[in-house]
Amino acid sequence: MNAAVRAVTGAQKAAQLIAAMSFAFAAHAGSRCAPADCAPGRASVARVEAVYADWLDAGSAVGTIDSGLTARVDGRGRSVWAARLRELTARLDAALATVDAAALAPRDASVLGAIRKGIRDSAPDVPAADAGHPAPGCADAARPGADLDTLQAALYACFEEIGNHIDFDGRPIVRTTALQELQQVADGERRKGLFLALSPLWLAVNGADTEDSPYRRMMRLNGVALQKSGASPIDDAAVTLGIAPPLVEQWLMRILEAWRAQSQGGPLEPWDYWYASAAASRELSPAISRASVLATSKRFFRDLGADLDRLGVRHDLDPRPGKAPLAYTEQIRIGRRVGNAWRPATARVSANYEQGGLFVLNELIHEDGHAVHYAAVRTRPAYFSLGDDLFFEAFADVPAWSSSEPQWQQKYLGSHAAEQSALRELFSNVMLDAAWSLFELRMLADPAADPNQVWTAITSRYLNIVPHPELSWWALRVQLVRWPGYMINYGLGSVVTADIRQRIRESIGSFDTGNPRWYPWLSAHLLRFGSSVDTAHLLQQFLGRAVSPDAILTQLRRAGSVQVPARQHLGQAAVEQSHRLIDVALVDHQRGHEADRALSAGQ
Ligand SMILES: [Zn+2]
14 MNAAVRAVTG AQKAAQLIAA MSFAFAAHAG SRCAPADCAP GRASVARVEA
64 VYADWLDAGS AVGTIDSGLT ARVDGRGRSV WAARLRELTA RLDAALATVD
114 AAALAPRDAS VLGAIRKGIR DSAPDVPAAD AGHPAPGCAD AARPGADLDT
164 LQAALYACFE EIGNHIDFDG RPIVRTTALQ ELQQVADGER RKGLFLALSP
214 LWLAVNGADT EDSPYRRMMR LNGVALQKSG ASPIDDAAVT LGIAPPLVEQ
264 WLMRILEAWR AQSQGGPLEP WDYWYASAAA SRELSPAISR ASVLATSKRF
314 FRDLGADLDR LGVRHDLDPR PGKAPLAYTE QIRIGRRVGN AWRPATARVS
364 ANYEQGGLFV LNELIHEDGH AVHYAAVRTR PAYFSLGDDL FFEAFADVPA
414 WSSSEPQWQQ KYLGSHAAEQ SALRELFSNV MLDAAWSLFE LRMLADPAAD
464 PNQVWTAITS RYLNIVPHPE LSWWALRVQL VRWPGYMINY GLGSVVTADI
514 RQRIRESIGS FDTGNPRWYP WLSAHLLRFG SSVDTAHLLQ QFLGRAVSPD
564 AILTQLRRAG SVQVPARQHL GQAAVEQSHR LIDVALVDHQ RGHEADRALS
614 AGQ
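Numbering (our numbering), first residue to last: 14 to 616.
Following this line, the structure appears as structure tokens:
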């Protein structure tokens, strides 16, 4: 966005947007154009955009079918969509080749830039596997000399191959279930056992934390690639918020310091971190069955004026072999004008839920937040997107955080936890995200750093967690290995989430127990713009001022202090003894893991 566009008001912006949208369709349709629409190259950009819209739809359809949700999209199967995608890719390349970018007016250059970015963003993360080149598996991460793409794809595979099969009491559970169980299991030794059952994943990701571990090799290669391209996830986050890059670290440290100031008592063992702040979940989760979570999320969104069924949101929530090992939301098709009518985007939510509970419910509402965001976008195809990563992740938490409000719990669950307890649980997870953000910021700044030392320093200072540099327990989030720097969107995003929530309350009133104005009002003021407006400008317009950490600092004060439950309640051995046990457990898990690998390699 240029300076002139920054200066316009929201109303003008919307009018410009509509003008820009209607132009696109006029240009597709006609051979004639008004003089203002006859800028050099405009027709060629319009041709590119028309093919691009079809290409996005075809790619989304293939992705939807490959996800396993359904065998057909709009009545067509995979082979039809794949053939169409190939044909459109060739047509898109050809159309792009006809554009003389240097001759374009600024508005057309912006459209072309958005399309080129959209093409880069839509490129498959993992190169398509074929018989000669199977997709990397977890074992490929251990291969010396693996390149960056292979390492990232292989480490991602570890989260499915190992992370979706955590051994808990002799049965395999997925990572989300393991994290939720860490909130629930009352017996301290069992909790520690479950925590250590995650260590095969940590070992696959970071070996013995030596310089040649898969993660450390990946981060060094990633550092070289970033240096070469000039890209920086941290600078991107700063641009998104319209702040100076050094403020990213300062804000993270400020909110973490505020949290630290509320911690009381001696340090917690990492396997007790979730349990110590999850009293609300333990109280409420028994009433939240696996079967009820989707209906509860649907009911809440209906009360917010966003009927998920009417918006065509599809859900794929059961675990199955080979399924993506994380919760995510994607478009099934983009929103676009068809004839004279707007055809909204539809979205699908994918997750691996074996059980219900507050943790799962909170995550599902977050994903459904992405889904309603997709449906609200009203832009020409070039700008169809949810906007910057930080912005759309922050927005998805706007409804999700409501599930930690006692009023919400009373209405949707029939009972509620005490305010301090409910918010302490929410923010202990938010602060863990902030800790991961700071971890990534520091690893990106120094890719040769020892990740276990970096993580230990952060978690012992800010989260009051006993140092365990012998455990790579930071390796719990798939984003860390697949998209280094992505966690910044969650940690710093919490600042934006709190700020947006505050602004909504001031403008249309409370929404924690529903508010039919919520979706229409947010669609008009925040969600419709795709990537047609830069986020810093959009947030400035929406908030009426620059983003500030004040709102989250206010919320943190509502949360009760994290108190270490008495040691006997945690059922925990002395620290010296537990160190010894961890060493033993690690060696055992390492052996077990290697045995597994040898087995699969031999099959
Ligand atoms: Zn998300």
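By construction, the Cβ of each residue, glycine as well, lies at the ideal position given by its N, Cα and C atoms.
Owing to the predicted nature of the structure, the values given are computational and were not obtained by experimental measurement.
Secondary structure of W486 (DSSP, three-state): coil.
Of the residues assessed, P157 falls on the exposed side of the cut-off, its CB having fewer than 16 other CB atoms within 10 angstroms. Excluding residues up to 5 positions away in sequence, G543 and S545 lie with their Cβ nearer than 6 Å to the Cβ of T392 in the same chain. Bridge pairing for L281: I478 [DSSP]. Per DSSP, reduced to three states, the secondary structure at V75 is helical.
The bridge partners DSSP lists for V351 are A354. At least one heavy atom of ligand 1 lies less than 6 Å from the C-beta of E406. For S485, the closest alpha carbon among the candidates F452, S135, I513 and A308 is that of F452. Distances taken from the Cβ of A122 to the heavy atoms of ligand 1 include none shorter than 6 Å. Counting C-beta pairs with one atom in each stretch, the region 166 to 177 and the region 497 to 512 have fewer than three that are closer than 8 Å, which means they do not touch. Apart from sequence neighbours up to five positions away, the residues of its chain that approach S135 with a beta-carbon distance below 6 Å are G72, ordered along the chain.
With contacts defined as CB atoms closer than 7 Å, S416 and N375 qualify as a contacting pair. Straight-line spacing of the CA atoms in V64 and T111 works out to 13 Å. Cβ-Cβ distances below 6 Å link S226 to N219 and G220 in the same chain, with the five nearest sequence neighbours on each side left out; the list follows chain order.
In this structure V237 is exposed. Its beta-carbon is surrounded by fewer than 16 other beta-carbon atoms within 10 angstroms. Each of A59, W287 and L457 was checked against the Cα of L234, and the nearest Cα belongs to L457. The residues L324, G325, V326, R327, Q344, I345, R346, Y387 and A388, in chain order, have a CB closer than 8 Å to that of T359 in the same chain once the five nearest residues on each side in sequence are set aside. Rounded to whole angstroms, S294 and D322 show a C-alpha spacing of 28 Å.
Within the same chain, Cβ atoms closer than 8 Å to the Cβ of D87 are found at A74 and R346, the five residues on either side in sequence being excluded. Boundaries of the alpha helix (DSSP H) around E376: L371 to A389. Judged by DSSP secondary structure, P185 falls within the beta strand (DSSP E) whose first and last residues are R184 to I186. A straight line joining the alpha-carbon of S473 with that of Q275 spans about 14 Å. For T253, the enclosing alpha helix (DSSP H) covers residues P246 to L254. Exclusion of the five residues before and after P533 leaves G318 as the residues of its chain whose Cβ lies within less than 7 Å of its Cβ. In this structure, DSSP gives A360 an extended state, which the three-state scheme calls strand. Beta-bridge analysis with DSSP links Y499 to no other residue. Counted as a single uninterrupted DSSP element, the beta strand (DSSP E) harbouring E343 occupies residues Y341 to R346. Remark: C-beta atoms of D525 and V560 do not approach each other more closely than 7 Å. Taking 8 Å as the upper bound for CB-CB distance, P259 and D248 are not in contact here, some 10 Å apart. In this chain, D512 is not harboured by any beta strand (DSSP E); it is covered by the alpha helix (DSSP H) spanning G506 to I521.
Scanning its chain for C-beta atoms nearer than 7 Å, with the 5 sequence neighbours on each side dropped, one finds around W264 the residues L505, V508 and P562, in chain order. A straight line joining the alpha-carbon of L82 with that of Y366 spans about 15 Å. Ranked by how close their Cα comes to the Cα of T510, the residues H550, L556 and F314 have L556 in first place. Per DSSP, the beta bridge partners of D180 are P185.
Partner residues in a beta bridge of D113, as assigned by DSSP, do not exist. Listed in chain order, the alpha helix (DSSP H) elements of length 4 or more contained wholly in the region 183 to 240 are 188 to 197, 201 to 209 and 212 to 219.
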